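Q: Residue numbers (the working numbering): 60 to 236.
All residues carry an ideal CB built from backbone N, CA and C; glycine is no exception.
Everything numeric in this text was worked out from a predicted model, so none of it was measured.
After the C-alpha cells below, expect a handful of questions from me.
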C-alpha cells in the first residue's frame, strides 16, 4: 500500500488557518465588540499574510492542480472570507449552520416522496425554519405554534421580531410588560 505524504504547501496553509481558529477558540464566548477588537488586533494580520502567501504559492503550482484551484477559489471569495473580522457576531465559518442542516442531507432519500418539486421546496423551507429555531435554543413546536398564532395580527413592519434569532414567546413578552 502506498502512503501519500501531505503536500508541504497544503500543510502550511492548514497551519496558517489553524492559527486563525486558535484565536477563535480564545475569544469564544466574549461580547461581539470584544471579539471584533481582538480579531482586528490578532487575526487580521494573519489573514493578510495568508492571502499574500496564497497569492505567491499558487503561482508555483500547475494551474490544473486541485490545490491551485482551491487557492484560486479562496482568493476569488476573499472579501466574503474576511467579513468575520469586522463583525464580532459573525463566526469564522458556517459549521454551526452546516451541522444544523445535516439532518436534511441525511433524509434526502425521504424527500423523493414530497409529491412534487414545489412540495420538496416547501419541506426544505419548513425544515430550515425548524433547524434555525433549534439552533437558537427554541422548541420548534412552541416556536411554530406561537409564530403561526401571532403572524396574522402582527404589524407588517415588525415581522422580523418573529424570526428565530429575534423571537420571544408571547408569554414572556406579556410578563415583561
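In whole angstroms, what is the alpha-carbon distance linking residue 229 and residue 193?
A: 18 Å
Q: How many Å lie between residue 150 and residue 90 at the Cα?
A: 13 Å
Q: Count the other CB atoms within 10 Å of the CB of residue 177; is the residue buried (16 or more) or exposed (fewer)?
A: exposed
Q: Taking the alpha helix (DSSP H) that residue 137 falls in, what are its first and last residues?
A: 137 to 141
Q: Shortest alpha-carbon distance to residue 106 belongs to which of 225, 77 and 187?
A: Comparing Cα positions, the closest option is 77.
Q: Using alpha carbons as the reference points, say which of 191, 185 and 66 lies closest to residue 158.
A: 191
Q: Taking the straight line between their C-alpha atoms, what separation do you get for residue 220 and residue 134?
A: In a straight line, the C-alpha of residue 220 is about 36 Å away from that of residue 134.
Q: When you compare only the Cα positions, how much space is there between residue 117 and residue 65?
A: 16 Å
Q: Is the number of C-beta pairs between the stretch 121 to 132 and the stretch 96 to 103 that are closer than 8 Å three or more?
A: no
Q: Please return the same chain residues whose Cβ sits closer than 8 Å to the Cβ of residue 209, not counting the five positions on each side in sequence.
A: If the five residues before and after residue 209 are omitted, its C-beta is found closer than 8 Å to the C-beta atoms of 221 and 229, all from its own chain and listed in chain order.
Q: For the alpha helix (DSSP H) that residue 248 lies in, which residues bound it at each end?
A: Past the edges of the chain, shown from 60 to 236, lies residue 248, and the structure says nothing about it.
Q: Under three-state DSSP, which class holds residue 213?
A: coil
Q: Alpha helix (DSSP H) containing residue 222: first to last residue?
A: Run containing residue 222: none; DSSP gives neither H nor E here.
Q: Run the CB neighbour count on residue 215, radius 10 Å, all protein chains shown included, and call it buried at 16 or more, exposed below.
A: exposed
Q: Three-state secondary structure (DSSP) at residue 151?
A: coil
Q: Output yes or no for whether 8 Å exceeds the beta carbon distance between residue 102 and residue 79.
A: yes
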